[in-house]
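Enquirer: Residue numbers are given in the working numbering: position 80 of the sequence shown equals residue 165, and the series is strictly consecutive.
Even for Gly, the Cβ is constructed at its ideal location relative to N, Cα and C.
Handing you a structure now.
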Amino acid sequence: MDAHDERGTTMTGVDPSRLDDQQLMKELETIHRTRHDTLLYGSNDALRAHNERMAQLEGEYLRRNPRRPVAPGRTREGARERTGSDSGTPTASGT
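Here it is, written out as structure tokens:
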């Protein structure tokens, strides 16, 4: 067996570090789009592979973009401000 042969490993697709930025974003969009169906209808092996691939792709994105913009509403503090609560418990209105 070749030293670079990856048969028997769960990784599928190109190593994320070898993708250019545009390819990486396309892969991320695809994996996020297919997530729900994989969770609901995929085998345990398919879900495991999906989880691993998503972690690899997201990890590479975060490695390349350590200072990515974070929307204030996507933080705990921002969510509390949105709900008007410090307890972290959502309001009954759902807003």
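Go through its chain and collect everything with a Cβ distance to A131's Cβ below 8 Å, but skip five positions before and after it.
Expert: Excluding positions up to five away in sequence, the list reads T123.
Enquirer: According to DSSP, is A156 helix, strand or coil?
Expert: Coil.
Enquirer: Should A88 be labelled buried (16 or more other beta-carbon atoms within 10 Å of its own) or exposed?
Expert: With a pLDDT of 38 at A88, under the threshold of 50, the modelled position of that residue is not reliable, and no figure is offered here.
Enquirer: Please state the DSSP three-state secondary structure of L98.
Expert: It should be noted that the sequence gives Gly, not Leu, for residue 98. In this structure, G98 counts as coil in the three-state DSSP scheme.
Enquirer: Looking at C-alpha atoms only, which residue of Q107, E166 and T97 is the closest neighbour of A156?
Expert: If we check each option's Cα against that of A156, E166 comes out closest.
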